[in-house]
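Trainee: From first to last, the protein sequence lines are chains A and B.
Residue 172 in this note's numbering is what sits at position 172 of the first sequence, and the numbering runs on without skipping anything.
All you need for this note's numbering is the position in the second sequence, starting with 1, plus 1000.
Ideal Cβ placement from N, Cα and C applies to all residues, glycine included.
Number of protein chains: 2
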Amino acid sequence: MKLSKREQLLQSALELFSLFGYSAVGVDAISERAGITKKTLYHHFHSKEELILAVLRYYDERHRNSFMRSVEAKSENPKERMLAIFDITEEWFNSSNFSGCLFVRAMGEYPDEGSSIRRVCQESKILFQRYIQGLAEKAGLKNSSELSKQLMLLIEGAITLAQVKNSPLCAKNAKKAAHVLIQNS
Amino acid sequence: MKLSKREQLLQSALELFSLFGYSAVGVDAISERAGITKKTLYHHFHSKEELILAVLRYYDERHRNSFMRSVEAKSENPKERMLAIFDITEEWFNSSNFSGCLFVRAMGEYPDEGSSIRRVCQESKILFQRYIQGLAEKAGLKNSSELSKQLMLLIEGAITLAQVKNSPLCAKNAKKAAHVLIQNS
DNA sequence: GTTAAAATATACTGAATTGTATATATCGAA
DNA sequence: TTCGATATATACAATTCAGTATATTTTAAC
Chain A
1 MKLSKREQLL QSALELFSLF GYSAVGVDAI SERAGITKKT LYHHFHSKEE
51 LILAVLRYYD ERHRNSFMRS VEAKSENPKE RMLAIFDITE EWFNSSNFSG
101 CLFVRAMGEY PDEGSSIRRV CQESKILFQR YIQGLAEKAG LKNSSELSKQ
151 LMLLIEGAIT LAQVKNSPLC AKNAKKAAHV LIQNS
Chain B
1001 MKLSKREQLL QSALELFSLF GYSAVGVDAI SERAGITKKT LYHHFHSKEE
1051 LILAVLRYYD ERHRNSFMRS VEAKSENPKE RMLAIFDITE EWFNSSNFSG
1101 CLFVRAMGEY PDEGSSIRRV CQESKILFQR YIQGLAEKAG LKNSSELSKQ
1151 LMLLIEGAIT LAQVKNSPLC AKNAKKAAHV LIQNS
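#1: Would you say Ser1023 of chain B reaches chain A, if we count a Cβ-Cβ gap shorter than 9 Å as a contact?
#2: For chain B, is any of its Cβ atoms less than 9 Å away from the one on Lys176 of chain A?
#3: I'd like the span of the alpha helix (DSSP H) that includes Cys1121 of chain B, first residue to last.
#4: Exposed or buried, which one is Lys38 of chain A when buried takes at least 16 other CB atoms within 10 Å?
#5: Does any residue of chain A bring its CB to less than 9 Å from the CB of Thr1037 of chain B?
#6: How is the alpha helix (DSSP H) around Glu1113 of chain B delimited, first residue to last?
#7: Which residues in the same chain as Leu1009 of chain B place their Cβ atom closer than 7 Å to its Cβ, once the five residues preceding and following it in sequence are excluded?
#8: In chain B, which residues lie with their C-beta within 7 Å of the C-beta of Lys149 of chain A?
#9: Strictly under 9 Å for the Cβ-Cβ distance: is Asn1184 of chain B near chain A by that measure?
#10: Give a yes or no on contact between the segment 1140-1156 of chain B and the segment 88-107 of chain A, applying the rule of three or more CB pairs nearer than 8 Å.
#11: Which same chain residues end up closer than 6 Å to Val104 of chain A when comparing Cβ atoms and leaving out the 5 residues on each side of it in sequence?
#12: If you follow the alpha helix (DSSP H) that Ser1018 of chain B is part of, which residue opens it and which one closes it?
#13: Excluding the 5 residues preceding and the 5 following Asn94 of chain A in the sequence, name in chain order all residues of the same chain whose CB lies nearer than 7 Å to its CB.
#14: Report the residue from B:Glu1050, B:Phe1128, B:Ser1004 and B:Lys1165 whose alpha carbon sits nearest the alpha carbon of Arg1069 of chain B.
#15: Taking the alpha carbon of Ser23 of chain A as the reference point, which residue from A:Lys165, A:Leu51, A:Ser4 and A:Leu3 has its own alpha carbon closest?
#16: Sorted by chain position, which residues of the same chain lie with C-beta nearer than 7 Å to Arg1057 of chain B's C-beta, five sequence neighbours on each side aside?
#17: With contact counted as at least three CB pairs below 8 Å, one residue from each stretch, are the segment 175-182 of chain A and the segment 1072-1089 of chain B in contact?
#18: What residue range does the alpha helix (DSSP H) around Val1027 of chain B cover?
#19: Given a cut-off of 9 Å, decide if Glu146 of chain A and Asn1065 of chain B are closer than it, judged by their beta-carbon atoms.
#20: Please list, in chain order, all residues of the same chain as Asn171 of chain A whose beta carbon is under 8 Å from its beta carbon, the five residues on each side excluded.
#21: Looking at chain A, is there any beta carbon in it that lies within less than 9 Å of the beta carbon of Thr1160 of chain B?
#22: In whole angstroms, what separates the C-alpha of Gly21 of chain A from that of Glu49 of chain A?
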């Protein structure tokens, strides 16, 4: 099935932003990569910022959903699923297109206090934390809120350090730490 | 004591990069803020990239040193110092000029594989991890290497989430998790 | 098949940005 | 005092980039 022009643009933009950063990539480069005229790009997205936002939303949905599906394919048990999160994280780190968290990178480039980019980024992190908390509740763990926030710390730290040190093994260490935290909760 | 021109430039650049990001800030803005001619700027730094590198090195030394001094002022005991790290981290989050990790943000904007920016960033993280590992060894903990890496995960995660969610309290959660990990090691 | 929307091709505007050029002034040290 | 390095003031060159303009063609629904 063929992608719509809009989706082709989103995908090309996603690839380029991921490779080079947001301000480093011009709209000309995006439209060229997509094989779509700049005029058409501006027909779908009224500004570069709007395009960036759309890319983040597009990526958020797809990535988080596929992530959760992968986790759920690993086990039926909620507690095991909590640990499986770190296995999937490691797979993500090992994928060729891993380049850190696209949301955090966007916020780093556009740190404006009330910016929409910040909101989208916050929203994505909140949704993921809720997912972990849901698993913790199903696992019958009492302080699910605190625990899920702590696991988030490990995951975010692993993302950063995997990017900086170029070492996907961070995920393994995070998993070990998570195991201890879960046992103690 | 008066700062050298070079240092004035570094400081102005640091403030602006921290507020707006790297590519969003032009050399004109930096020289203007420092009250120093652009020609003079280019006398001290041969390119913008060189300036960014110098800013990162300048910041790295000052920030990491002042951080460690603050930690050491909190306690004499190595194990207590390991926990004090998270208190100082929280103070950092609460400071008005906190805007995430400047190294990670730089790497996000200039993700080039072999770039000097990446090297400086890696170096800084490694030095900090060694500091934690040193404390863990002095505290007589056996698996100091693994533990220090796990504490790094918590710290980096806290930095990211404090920035994203605008909530310095992340540090408190990280400290609790750190406490559990230290106890279990 | 007609028609309106969507897409192309291509050129252009205006602003911003990195880095340089030139001519002049300040200032510390030999 | 003089000389060389550092700094200023200001203008300029060369690109790059976001976004627009115009005229033409394709597509898809009615």
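Mentor: Taking the structure as given:
#1: For the purposes of this step, residue 1023 of chain B is taken as the residue at position 23 of the second sequence. Yes, Ser1023 of chain B lies at the interface with chain A (some Cβ there is under 9 Å from its Cβ).
#2: Taking the first residue of the first sequence as 1, we reach residue 176 of chain A at position 176. Between Lys176 of chain A and chain B, the shortest Cβ-Cβ separation is below 9 Å.
#3: Within the second sequence, residue 1121 of chain B is the residue found at index 121, counting from 1. Run containing Cys1121 of chain B: Ser1116 to Lys1138, per the alpha helix (DSSP H) assignment.
#4: Here residue 38 of chain A refers to the residue found at position 38 of the first sequence. Exposed, because fewer than 16 other Cβ atoms sit within 10 Å of the Cβ of Lys38 of chain A.
#5: Reading the second sequence from its first residue, position 37 is the one you call residue 1037 of chain B. By this cut-off, Thr1037 of chain B is not an interface position.
#6: Residue numbering aside, residue 1113 of chain B sits at position 113 when the second sequence is read from its first letter. In the DSSP annotation of this structure, Glu1113 of chain B is not part of any alpha helix (DSSP H), being labelled neither H nor E.
#7: One-based indexing of the second sequence puts residue 1009 of chain B at position 9. Excluding residues within five positions, the ones whose Cβ falls inside 7 Å are Ile1030, Ala1034, Ile1036, Leu1041 and His1044.
#8: Reading the first sequence from its first residue, position 149 is the one you call residue 149 of chain A. Within 7 Å Cβ-Cβ: Asn1173.
#9: Here residue 1184 of chain B refers to the residue found at position 184 of the second sequence. Yes, Asn1184 of chain B lies at the interface with chain A (some Cβ there is under 9 Å from its Cβ).
#10: no
#11: Position 104 of the first sequence, counting from 1, holds the residue named residue 104 of chain A. Answer for Val104 of chain A: no residue qualifies.
#12: Within the second sequence, numbered from 1, the residue matching residue 1018 of chain B stands at position 18. Here the alpha helix (DSSP H) through Ser1018 of chain B covers Lys1005 to Phe1020.
#13: On the first sequence, position 94 is the one that residue 94 of chain A refers to. Contacts found: Pro168.
#14: Residue numbering aside, residue 1069 of chain B sits at position 69 when the second sequence is read from its first letter. Closest option to Arg1069 of chain B, Cα to Cα, is B:Phe1128.
#15: Working through the first sequence from its first residue, we reach residue 23 of chain A at position 23. A:Leu51 is the residue among A:Lys165, A:Leu51, A:Ser4 and A:Leu3 whose C-alpha sits nearest the C-alpha of Ser23 of chain A.
#16: Residue numbering aside, residue 1057 of chain B sits at position 57 when the second sequence is read from its first letter. Close CB contacts of Arg1057 of chain B within its chain, under the 7 Å cut and outside five residues either way in sequence, are with Val1120 (chain order).
#17: no
#18: One-based indexing of the second sequence puts residue 1027 of chain B at position 27. Under the DSSP assignment, Val1027 of chain B falls in the alpha helix (DSSP H) whose first and last residues are Val1027 to Ala1034.
#19: In the second sequence, residue 1065 of chain B corresponds to position 65, counting from 1. In the first sequence, residue 146 of chain A corresponds to position 146, counting from 1. Between Asn1065 of chain B and Glu146 of chain A, the C-beta gap is not smaller than 9 Å, which leaves the two residues out of contact.
#20: Here the question's residue 171 of chain A lines up with position 171 in the first sequence. This sequence places Ala at residue 171 of chain A; Asn is not what is there. Taking Ala171 of chain A as the centre and dropping the five residues before and after it, the same chain places the C-beta of Phe86, Asp87, Thr89, Glu90, Phe93, Ala158 and Ala162 closer than 8 Å to its C-beta, in chain order.
#21: As a first step, residue 1160 of chain B must be located in the second sequence, where it is residue number 160. Yes, Thr1160 of chain B counts as interfacial toward chain A.
#22: Stepping through the first sequence from its first residue, residue 21 of chain A is reached at position 21. Stepping through the first sequence from its first residue, residue 49 of chain A is reached at position 49. Distance between the alpha carbons of Gly21 of chain A and Glu49 of chain A is about 13 Å.
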